[in-house]
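Here is the structure we will look at.
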Amino acid sequence: MPVAIDDVQEVRRTYDRLVKAVSVAEGRRLAAMERLRGEFGVKSVPSAKRLLAKLRRRAKLKAEAYFKAKERYKKLLAVHGAAIEGVLDAD
């Protein structure tokens with residue numbers, strides 16, 4: 005069964021589009037990796053994921069500490085209201 009020249013040309017155009025898409029994707033990947041290295045000092049996606057998990061844990065602990073301190077402040081304010089406000093206003 006002979007292959008029509010139009011079919012060959014269509015395959016060639018499809019191939020060229022795919023090669024271009026791969027090239028663009030590779031460029032974007034390299035740019036993203038360079039940004040990860042520059043901004044966060046990590047050299048790979050797994051390293052970035054580990055760093056992200058570590059930062060999320062740290063943020064969660066800090067948020068918990070903040071809300072505990074805020075609740076403690078509210079309790080102290082409820083008990084010693086005016087005295088605390090006077091000290092804070094002096095600053």
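Under my numbering, the first residue of the sequence shown is numbered 5, with each subsequent residue one higher.
All residues carry an ideal CB built from backbone N, CA and C; glycine is no exception.
Would you call the CB atoms of residue i and residue j closer than 9 Å?
i, j, result
"residue 37", "residue 27", "no"
"residue 81", "residue 89", "yes"
"residue 34", "residue 52", "no"
Specify, as a first and last residue, the run of the alpha helix (DSSP H) that residue i falls within.
i, result
"residue 23", "9-44"
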